[in-house]
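Working notes, structure below.
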Amino acid sequence: MIKLLWYSYFGIYLLIKSIVTKIDLFFLREKSQEAIDELVYRRSKEISDHLLKKSKTISIVKGKENIPQGPCVFVSNHQAIFDCFLIYSNVCKLSGFIAKKEIKKYPLVSNWLNVMHSVYIDRKNVREGMKAINKGIENLKNGYSMIIFPEGTRSLESKMGEFKKGSMKLAIKANVPIVPITVDGTYKVLEVGNKVRGNEVKIMIHEPVYVDKLSEEEKKNLSKILQDTIENGLKDLNTLK
8 MIKLLWYSYF GIYLLIKSIV TKIDLFFLRE KSQEAIDELV YRRSKEISDH
58 LLKKSKTISI VKGKENIPQG PCVFVSNHQA IFDCFLIYSN VCKLSGFIAK
108 KEIKKYPLVS NWLNVMHSVY IDRKNVREGM KAINKGIENL KNGYSMIIFP
158 EGTRSLESKM GEFKKGSMKL AIKANVPIVP ITVDGTYKVL EVGNKVRGNE
208 VKIMIHEPVY VDKLSEEEKK NLSKILQDTI ENGLKDLNTL K
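To convert, note that position 180 of the sequence shown is 187 in this note's numbering; the numbers rise steadily by one, no gaps.
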């Protein structure tokens with residue numbers, strides 16, 4: 008499929024899903040927050056599953072048993088837009104993204120991120136950045152997991168960029184489990200050339216890291232520890248069929 012057609016399809020599909028979901032949420036407005044969250048999670052997963060299928064990707068998944076009960080912080084490398092769909096299709100719980108503030112300019116996408124309890128961060132403004140971290144901590148305390156891409160931008164290749172140390176503040180301050188995730192192959196689906204190419208994409212969910220069991224030295228080096236874990240996962244995924 009030509010990339011322009013795929014983006015057009017994505018926009019129309021997301022618009023339809025948004026309208027239907029807004030109607031459903033209207034009728035659920037006097038129900039419990041749990042019922043609302045269940046609907047949002049189910050629809051978000053449906054969107055992710057559908058777009059993966061529509062792009063003819065084949066997902067190879069390892070480690071779903073490592074996802075803990077309760078809220079956690081998922082920390083992943085970031086190759087492409089499709090990382091979001093691949094991760095959401097497999098994390099098995101309502102999770103918000105730590106997203107760049109620029110995404111607010113795209114209401115069709117930001118409306119979904121809002122109901123998923125996502126947080127927007129301005130990396131150029133320290134004060135606003137701290138507000139975003141505190142909002143993420145509040146979400147975690149309210150039972151919502153968060154998804155972070157510490158590289159800060161898409162790599163568009165298998166090679167990873169350096170993790171930003173500040174991204175670890177959220178997990179450390181909230182004192183929740185951190186689940187490293189390795190994804191590979193997603194950049195080949197949409198980011199290469201002018202066509203959406205069906206491709207084999209892989210995701211490895213590693214064993215969680217428990218913040219309360221880390222020494223102060225390990226907390227200082229947490230971004231490096233997680234980066235090494237995720238980077239080693241890329242090597243393991245190369246052997247995964």
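Note that beta-carbon positions come from the ideal geometry of N, C-alpha and C, so glycine has one too.
Count the other CB atoms, across all protein chains shown, that sit within 10 Å of the CB of Ser102; report buried if there are 16 or more and exposed otherwise.
Numbered from 1 along the sequence shown, position 95 holds the residue referred to as residue 102. By the neighbour-count definition (other C-beta atoms within 10 Å, threshold 16), Ser102 is a buried residue.
Any beta strand (DSSP E) of 3 or more consecutive residues that is wholly inside the stretch 151–204
For the stretch 151–204, whole beta strand (DSSP E) runs of length 3 or above, ordered along the chain, are 152–155, 185–191.
Assumed close pair Ser152, His85 - CB separation to whole angstroms, cut-off 8 Å:
For the purposes of this step, residue 152 is identified with residue 145 of the sequence shown, where counting begins at 1. For the purposes of this step, residue 85 is identified with residue 78 of the sequence shown, where counting begins at 1. Ser152 to His85, Cβ: 17 Å. No contact.
Taking just the CA atoms, how far does Lys231 sit from Ile237?
Translated into positions along the sequence shown, residue 237 becomes position 230. Translated into positions along the sequence shown, residue 231 becomes position 224. Answer to the nearest angstrom: the Cα atoms are 10 Å apart.
Alpha carbon to alpha carbon, what distance is there between Glu37 and Ile94?
By 1-based counting over the sequence shown, the position of residue 94 is 87. By 1-based counting over the sequence shown, the position of residue 37 is 30. Note on geometry: alpha-carbon atoms of Ile94 and Glu37 lie some 31 Å from one another.
Given this structure, state the Cα-to-Cα distance separating Ile9 from Ser15, to the nearest angstrom.
Here residue 9 is taken as the residue at index 2 of the sequence shown, counted from 1. Here residue 15 is taken as the residue at index 8 of the sequence shown, counted from 1. Going from the Cα of Ile9 to the Cα of Ser15 covers about 10 Å.
Kindly list the residues whose CB is nearer than 7 Å to the CB of Gly143, restricted to its own chain and excluding five residues on each side of it in sequence; keep chain order.
For the purposes of this step, residue 143 is taken as the residue at position 136 of the sequence shown. The beta carbon of Gly143 sits closer than 7 Å to those of Ile105, Val126, Met153, Leu177, all from its chain and outside the five residues before and after it, given in chain order.
Neighbourhood of Gly168 by C-beta distance below 6 Å, restricted to the same chain and skipping five residues each side:
The residue you call residue 168 lines up with position 161 of the sequence shown. For Gly168, where only same-chain residues beyond five positions count, the Cβ hits under 6 Å are Glu158, Ser162.
Pick out the complete beta strand (DSSP E) segments inside the stretch 24–101, 3 residues or longer, and give them in chain order.
Listed in chain order, they are 65–69, 80–83.
Whose CA, out of Gly18, Val133, Leu35, Asn182, lies closest to the CA of Ser117?
By 1-based counting over the sequence shown, the position of residue 117 is 110. Of the residues Gly18, Val133, Leu35, Asn182, the one whose Cα lies closest to the Cα of Ser117 is Gly18.
Endpoints, the alpha helix (DSSP H) within which Lys131 is located
Sequence index remark: in the sequence shown, residue 131 carries index 124 (1-based). Per DSSP, Lys131 belongs to no alpha helix (DSSP H) and is neither H nor E.
Rounded Cβ spacing between Ser25 and Leu115 (contact assumed at less than 8 Å):
Taking the sequence shown and counting its residues from 1, the one referred to as residue 25 is at position 18. Taking the sequence shown and counting its residues from 1, the one referred to as residue 115 is at position 108. Rounded to the nearest angstrom, the Cβ distance from Ser25 to Leu115 is 7 Å, consistent with a contact under 8 Å.
Work out the CA separation of Gly205 and Asn121 for me, nearest whole Å.
One-based indexing of the sequence shown puts residue 121 at position 114. One-based indexing of the sequence shown puts residue 205 at position 198. Distance between the alpha carbons of Asn121 and Gly205 is about 30 Å.
By a C-beta neighbour count over all protein chains shown, 10 Å radius and 16 as the cutoff for buried, is Ala42 buried or exposed?
The count along the sequence shown starts at 1 and reaches residue 42 at position 35. Exposed is the call here.
Measure from the alpha carbon of Ile65 to the alpha carbon of each residue in Lys209, Glu214, Lys220, then state which is nearest.
Taking the first residue of the sequence shown as position 1, residue 65 is located at position 58. Minimum Cα distance to Ile65 is reached at Lys209.
Tell me which residues share the same chain as Pro187 and place their Cβ nearer than 6 Å to its Cβ, disregarding the 5 neighbours each side in the sequence.
The count along the sequence shown starts at 1 and reaches residue 187 at position 180. Close CB contacts of Pro187 within its chain, under the 6 Å cut and outside five residues either way in sequence, are with Val82, His213, Leu233, Thr236, Ile237 (chain order).
Is the Cβ of Ile26 closer than 8 Å to any Cβ of chain B?
In summary, chain B is missing from the structure at hand, where a single protein chain is found.
Thr189 and Leu244 - do their beta-carbons sit closer together than 8 Å?
Numbered from 1 along the sequence shown, position 237 holds the residue referred to as residue 244. Numbered from 1 along the sequence shown, position 182 holds the residue referred to as residue 189. The Cβ atoms of Leu244 and Thr189 lie closer than 8 Å to each other.
So Ala87 packs on Val196, CB below 8 Å; how close in whole Å?
Counting from 1 along the sequence shown, the entry for residue 87 is found at position 80. Counting from 1 along the sequence shown, the entry for residue 196 is found at position 189. Right, the Cβ-Cβ distance comes to about 7 Å (below 8 Å), so this counts as a contact.
Excluding the 5 residues flanking Gly70 on each side, which residues of the same chain have their C-beta closer than 7 Å to its C-beta?
Within the sequence shown, the letter at position 63 stands for residue 70. Once the five neighbours on either side are set aside, the close Cβ partners of Gly70 are Met211, Ile212, His213.
Need the endpoints of the beta strand (DSSP E) that Glu207 sits in, please.
Indexing the sequence shown from 1 puts residue 207 at position 200. From DSSP, the beta strand (DSSP E) with Glu207 extends over 207–212.
Once the 5 residues before and after Leu58 are set aside, which same chain residues still bring their CB inside 6 Å of it?
Looking up residue 58 in the sequence shown gives position 51. Here the set comprises Phe92.
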